[in-house]
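J.:
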Amino acid sequence: MKKEILYRADYQSPLGEILLVSDGTHLVGLYLEGQKYYFKDPQQLTKQDSLPIFQKTKDWLDRYFRGENPTISELALSPRGTEFQNQVWALLQQIPYGQTTTYGTIAKVVAQQRNKKTMSSQAVGNAVGHNPISILIPCHRVIGKNGELTGYAGGLMRKEYLLKLESKGEN
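Written out as structure tokens, the structure is:
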């Protein structure tokens, strides 16, 4: 089996350095510096800032950090995960800008979609935490059942920053 070549670009954000990862066409990763579950071996990535997907992603991030609300559909995303993780990540993309939901709410939707009575909020939380395309797939919009900011692989200070940014940009 031929080894897939993955590419990298770096983006300087208000939250620090961001690592962008692509298969050449799709964005497969967006990692905040120091993030839990960071890309396994960034040294194995080929630096390639000029890829169109990286240029589009940087433009998207520039607009986002200015408080605008660019749409996820502008970018070709291809997160890599299990069927369950991809199901959860698809639901994250449906959380509107400037709004939040809970792990429990997502668990109920997943259970419904899978024709089950219940689904573990912890399993959902694990999938949310392993989201490989932070910010774009808005895992920061998922909060605890009592409204508390819990579990963000990029750190709770960054989660709070993103939620405040979006609440200011809401129209």
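Under this note's numbering, the first residue of the sequence shown carries the number 32, and numbering increases by one thereafter.
Glycine included, C-beta positions come from ideal geometry on N, C-alpha and C.
All figures in this text were calculated on a predicted structure; none of them were measured in a lab.
Just verifying my parser: in three-state terms, what is the DSSP assignment at ASN202?
T.: Its pLDDT being 44, under 50, ASN202 is placed unreliably in this model, and the value from its coordinates should be taken loosely. Under the three-state reduction of DSSP, ASN202 is assigned to coil, being neither helix nor strand.
J.: Determine, using beta carbons only, whether TYR159 and THR131 come nearer to each other than 8 Å.
T.: Reading off the sequence, residue 159 comes out as Val, not Tyr. It is not a contact, given that the beta carbons lie outside the stated cut-off.
J.: Report the partner residues of ILE174 according to the DSSP bridge assignment.
T.: THR133
J.: Taking just the CA atoms, how far does ILE168 sit from TYR128?
T.: 11 Å
J.: Assign SER109 to one of three DSSP states: helix, strand, or coil.
T.: coil
J.: Count the other C-beta atoms from every protein chain shown that fall within 10 angstroms of the C-beta of ALA121, then say buried if there are 16 or more, exposed otherwise.
T.: exposed
J.: Near GLN116, what residues of its chain come up, given a Cβ to Cβ distance below 7 Å and the 5 sequence neighbours on each side ignored?
T.: Excluding residues within five positions, the ones whose Cβ falls inside 7 Å are ALA158 and HIS161.
J.: How many angstroms separate the CA atom of SER165 from the CA atom of LYS176?
T.: 21 Å
J.: According to DSSP, SER44 sits in a beta bridge with which residue or residues?
T.: GLY47
J.: Using a Cβ-Cβ cut-off of 7 Å (strictly less than) and excluding sequence neighbours within five positions of ASP80, which residues of its own chain qualify?
T.: ALA40
J.: Return the chain-ordered ranges of every alpha helix (DSSP H) run that is complete within the segment 141-195 and spans a minimum of 4 residues.
T.: 152-160
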